[in-house]
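Q: So in full-length UniProt numbering, spot 320 of the sequence shown is number 320, and the numbers just go up one at a time.
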Amino acid sequence: MLTKIENLSEYFLAYEKSIANPETFWERVANQFFWRKKWDRVVDYDFEKAEVKWFENAKLNITENMLERHLYTIGDKPAIIWEPNDPKEAGITLTYQQLFEKVCEFSNVLLNNGVKKGDRVIIYMPMIPEAAIAMMACARVGAVHSVVFAGFSSSALADRIINCEAKVVLTSDGNFRGAKSIPVKAVVDEALEKCTTIEKVIVVERTKTEVTMQAGRDLWWHEETAKAEKTHKAEVMDSEDMLFILYTSGSTGQPKGVVHTTGGYMVYTQFSFQNVFQYNSDDVYWCTADVGWITGHSYIVYGPLLAGATTVMFEGVPTYPDAGRFWEIIDKYQVNQFYTAPTAIRALQAYGLDPVLPYKLDSLKVLGSVGEPINEEAWHWYHDHIGKGKCPIVDTWWQTETGGIMISPLAGLTPTKPAYATLPLPGIRPVIVDAEGNELKGNGVEGNLCINFPWPSMIRTTYGDHQRCIDTYFSTYKGMYFTGDGVRRDEDGYYRIMGRVDDVINVSGHRMGTAEVENAINEHPLVVESAVVGYPHDIKGQGIYAYVICDAEGRTEGSLKEEIKATVNKIIGPIAKPDKIQLVTGLPKTRSGKIMRRILRKVAENDTSSLGDTSTLLNPEVVEEIIKGAQ
Ligand code: 6R9
C-alpha cells in the first residue's frame, strides 16, 4: 500500500523528511498514482499572491485513480456500501467494477446533456450513491462540481448557482430524513426562478414524491442513464485544473467558493486517509458526514476510494428509528473505522447507555472526530462506551480550505490526549503567532494558528474573486496561511484547537458567519438591526444568540421571534436558525459605530461579571437593558 506510516518513529522520520525536503517527500508519494504525464516541478508558490501549484504540468484524471487503478486487483471488492434511511429497506453495495460502470454511464449522460470540461455542475442531493457517482462523473468529464448541502434553502442554493454560473443541477425528487420526507426538487424549482444559467436538471427518483418536470429542462436520471453508452474514456486534466468548488462561510458577507484542484488534492486525501485511519485492505470504513461538506468530499468519496477502501454511506439520521442506529450499522457492516462529529456524540450520549448496550461494536478499531473541538466528557464517553477503551480516537483538525486533515494523531501510533488534535501530518508546518504576527516559538504557547508552507490539498482561490482569497487567508499575517483558529501548543508540543478567533461560529460542526446570519435576520421587514454571537450549547457546541432591534408593529414578542426564525430558515436553511432571540432597543456601540460584540458574547454566555469598561460606549445605558433581558 502507498506510503503508509506504520509506527511512531516512522512518523517522526517522515515528518522530518517532509520538512527538510518537501519536493522529494511528495514526489515519492505522488509516484504511486497513475499519471498520464508526470510533473515538471513538484511545488511552486507565492503566498503574497496566494498562488500555489502542485505537480506542475502533470496530466491525470482523478477517477482513473479511484476506479481503473483498482479494477485488476480489487474489482470485486465493495467500494460503496449504502445504508438507507429506513433500516427495513435493502441497502446497496457497489463493487469497484460496478461503481466504475455507473460512473462511466453517468459521464456519458453529462456529455449527452452538453456538459463540457470546465463547466460547473451543482449537486443538490440526499446521501444516496448517485451523489458520489455524480461527483466522480463530473471529475471524469472534467466538469467542476459544487455540492450544495441539501438542507440549504432555495435562496442559498440560488446564490451558489449564480456565483459559479452553473450549467446543470443534479438533484432528486425528495429526501428521506428520519420520519420525514423532504421535497428537494421543489426547492430546486424555486431556486431556478432566480437563475439564468441552468440548462438542464437531472433528477434521481428516490422518494417518489410528486414533482413538476419542466419540458426541455428537467430529465429523469434513470431515463438518461438507460440511453447512455456504458463505456467512457476519462478526460485528461491538468494537475491544477479545478476539481470542485465548495461554498463555506467566513466572517464577512456571502459564503465563498473554496476552489480545490486535481493533482495535489488527490495525493493528499489518499495519503492522509491511509495514515490517519490506518486503513488496512479488508477494513470497512464509515464516515457519517454529509457529502455537502468537505468531510464528505475528502473522507467519504475521494480519500477512501483513492485508497481502494470500502466506504459506508448513510442516508439517514443518528436517531432514527432510534438512538441506536449508528451502533446497529456498525455491527451490521462490521465497521472498523468510524468517523463522526462531537455534536453527534453529545446528542447520542444524552440518551444514556440503553441504546448502545444491545450492540457488540467489537469490529471497531479506530474512532474519529471532526468539525469542532471535542470536549473531554464526550471524548471519554466515545472512548469508553463506543471504543470499549481499546480504540484510539483520532481528533482530526482541518478545514474546507485545507482540503485534508492537517493536525491529528495517526491511529494507534500517536499517543492521544483528550481534546488534543496532537501533531501535524507530514508536510504540514503549523506556526503560532500573536496578534501582531510574531511567531511564538517553543512549547507552552497559545495564539493564532497559521501554516507557513504549502501542502498539496490547500485552497487555490475563492471562485471568481481571487482578491478575496488573498485578503481572507494570506493578508492577516505576511507569508502565512491564516486558519482563523486559536490554538495552544502544550509542554509536549501537542496542539489543542481552542476554537475560532474570528466572527465565525461553529454550530453542530457547521460553520456559520455571524454576518451571514445577521444579513438573513435583517431581511425581515420589521428588523432594524441585529447582532449575532455564539454561546456554549450542550449538544451543538455553540448555539446562535441573536440580539434584534425591531419595530414590533402590534405583534407579540413570540410571534416576532417566530417570524425572524422563519426568515432565516428561508434565506439560509434550518441550520442557521437562532436558538435564542432577544429583542433590544439598542446595541452597544463604540464611538466609531462598531458593535461591541465582546459585551454581547459575555451576556450570551451568562458571564456578566467581567464586562470590562463600558464607559467608552456611545450608548452605555443599553448594556443594563441587555443584561436584564438576557435569555
Ligand atoms: C473539516 C471541517 C473548519 C473549522 C475549523 C475549526 C473547526 C474542525 C476540528 C475543529 C477543533 C477539530 N474544527 N475540526 N476544531 N478540533 N478536530 O470541519 O471543515 O466545515 O470548514 O470547518 O471547524 O474551527 O476552522 P469546516
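No residue lacks a Cβ here, since even glycine has one placed at the ideal position from N, Cα and C.
#1: Going by beta carbon distance, what residues of the same chain come within less than 7 Å of Tyr-279, once the five residues before and after it are set aside?
#2: The ligand 6R9 and Arg-511: does the residue's C-beta get closer than 7 Å to at least one heavy atom of that ligand?
#3: Any heavy atom of the ligand 6R9 closer than 7 Å to the Cβ of Val-370?
#4: Give the DSSP-derived three-state secondary structure of Tyr-333 in the structure shown.
#5: For a quick check, are the C-beta atoms of Ile-162 and Arg-429 less than 8 Å apart?
#6: Could you spell out the range, first to last residue, of the alpha helix (DSSP H) harbouring Asp-159?
#7: State the Cα-Cα distance for the pair Ser-107 and Met-242, rounded to the nearest angstrom.
#8: Which of the three DSSP states, helix, strand or coil, is assigned to Leu-94?
#9: By the DSSP assignment, the alpha helix (DSSP H) with Arg-28 in it spans what residues?
#10: Can you tell which of Gly-118, Trp-35, Met-136 has its C-alpha closest to the C-alpha of Leu-99?
#11: Please state whether DSSP places Gly-554 in a helix, a strand or coil.
#12: Would you list the one or two residues that DSSP bridges to Phe-338?
#13: Going straight from the alpha carbon of Gly-151 to that of Thr-616, what length do you get?
#14: CB-CB under 7 Å to Asn-65, same chain, minus the five flanking residues each way: which ones, in chain order?
#15: Return helix, strand or coil for Ile-146, following the three-state DSSP convention.
#16: Can you give me the C-alpha to C-alpha distance between Met-1 and Lys-365, rounded to a whole angstrom?
#17: Taking only three categories from DSSP, how would you classify Val-548?
#18: Taking DSSP as the reference, what is the three-state secondary structure of Gln-467?
#19: What separation, rounded to the nearest whole angstrom, lies between the Cα atoms of Thr-295 and Leu-449?
#20: So, at 8 Å on beta carbons, what are the nonlocal neighbours of Glu-376 in its own chain, with the 5 sequence-adjacent residues on each side left out?
#21: Taking only three categories from DSSP, how would you classify Met-1?
#22: Taking a contact to mean a Cβ-Cβ separation below 8 Å, would you say His-385 touches Leu-353 in this structure?
#23: Check whether the stretch 203–217 touches the stretch 89–96, counting contact only when three or more Cβ pairs, one atom from each stretch, lie closer than 8 Å.
#24: Could you work out which residue in Val-236, Ser-508, Asn-522 is closest to Pro-536 when comparing CA atoms only?
#25: Should the stretch 226–238 be regarded as contacting the stretch 479–492, the criterion being three or more beta carbon pairs within less than 8 Å?
#26: Beta-carbon within less than 8 Å of Gln-334's beta-carbon, same chain only, minus the 5 sequence neighbours each way: which residues are those?
A: Here's the rundown:
#1: Residue numbering aside, residue 279 sits at position 279 when the sequence shown is read from its first letter. If we look at Tyr-279 and ignore the five residues flanking it on each side, its Cβ neighbours are Phe-273, Tyr-285, Ala-307, Ala-309, Gln-337.
#2: To locate residue 511, count along the sequence shown from 1; it is residue 511. For the ligand 6R9, at least one heavy atom lies less than 7 Å from the Cβ of Arg-511.
#3: Translated into positions along the sequence shown, residue 370 becomes position 370. At least one heavy atom of the ligand 6R9 is nearer than 7 Å to the Cβ of Val-370, so yes.
#4: On the sequence shown, residue 333 is found 333 positions in, with the first residue counted as 1. When secondary structure is reduced to three states using DSSP, Tyr-333 falls in the helix class.
#5: Taking the sequence shown and counting its residues from 1, one reaches residue 162 at position 162. Taking the sequence shown and counting its residues from 1, one reaches residue 429 at position 429. No.
#6: Here residue 159 corresponds to residue number 159 of the sequence shown, with the count starting at 1. It spans 154–164 - the alpha helix (DSSP H) in which Asp-159 sits, taken as one unbroken run.
#7: Counting from 1 along the sequence shown, the entry for residue 107 is found at position 107. Counting from 1 along the sequence shown, the entry for residue 242 is found at position 242. The straight-line gap from Cα to Cα measures roughly 17 Å.
#8: The residue you call residue 94 lines up with position 94 of the sequence shown. It is a strand residue.
#9: As a first step, residue 28 is located in the sequence shown; it is residue number 28 there, counting from the start. From DSSP, the alpha helix (DSSP H) with Arg-28 extends over 22–30.
#10: Stepping through the sequence shown from its first residue, residue 99 is reached at position 99. Restricting attention to Gly-118, Trp-35, Met-136, the CA atom closest to the CA of Leu-99 is found in Met-136.
#11: Within the sequence shown, residue 554 is the residue found at index 554, counting from 1. Of the three classes helix, strand and coil, the one that applies to Gly-554 here is coil, per DSSP.
#12: On the sequence shown, residue 338 is found 338 positions in, with the first residue counted as 1. Within the DSSP bridge table, the entry for Phe-338 names Trp-286, Leu-367 as partners.
#13: In the sequence shown, residue 151 corresponds to position 151, counting from 1. In the sequence shown, residue 616 corresponds to position 616, counting from 1. About 42 Å.
#14: Within the sequence shown, residue 65 is the residue found at index 65, counting from 1. Hits under 7 Å: Phe-33, Phe-34, Met-266, Leu-306.
#15: Locating residue 146 in the sequence shown gives position 146, counting from the first residue. Here residue 146 turns out to be Ser, not Ile, going by the sequence shown. Reduced to three states, the DSSP call for Ser-146 is strand.
#16: Taking the first residue of the sequence shown as 1, we reach residue 1 at position 1. Taking the first residue of the sequence shown as 1, we reach residue 365 at position 365. Residue confidence is low: Met-1 scores 45 on pLDDT, short of 50, so the model does not pin down where it sits. No coordinate-derived value is stated.
#17: On the sequence shown, residue 548 is found 548 positions in, with the first residue counted as 1. The DSSP-derived three-state label of Val-548 is strand.
#18: For the purposes of this step, residue 467 is taken as the residue at position 467 of the sequence shown. Collapsing the DSSP output to three states places Gln-467 in a helix.
#19: Counted from its first residue, the sequence shown places residue 295 at position 295. Counted from its first residue, the sequence shown places residue 449 at position 449. C-alpha separation (whole angstroms): 20 Å.
#20: Numbered from 1 along the sequence shown, position 376 holds the residue referred to as residue 376. If the five residues before and after Glu-376 are omitted, its C-beta is found closer than 8 Å to the C-beta atoms of Pro-418, Ala-419, all from its own chain and listed in chain order.
#21: Translated into the one-based positions of the sequence shown, residue 1 becomes position 1. In this predicted model, Met-1 has a pLDDT of only 45, less than 50, meaning its place in the structure is not dependable; the value taken from the coordinates is given anyway. Reduced to three states, the DSSP call for Met-1 is coil.
#22: Taking the first residue of the sequence shown as position 1, residue 385 is located at position 385. Taking the first residue of the sequence shown as position 1, residue 353 is located at position 353. Yes, they are a contact pair.
#23: With the cut-off at 8 Å, the stretch 203–217 and the stretch 89–96 do not touch.
#24: Walking along the sequence shown from the start, residue 536 turns up at place 536. Checking every option, the nearest Cα to that of Pro-536 belongs to Ser-508.
#25: No: the two stretches stay apart, fewer than three of their Cβ pairs being nearer than 8 Å.
#26: Here residue 334 corresponds to residue number 334 of the sequence shown, with the count starting at 1. Taken in chain order, the residues that qualify are Val-284, Ser-363.
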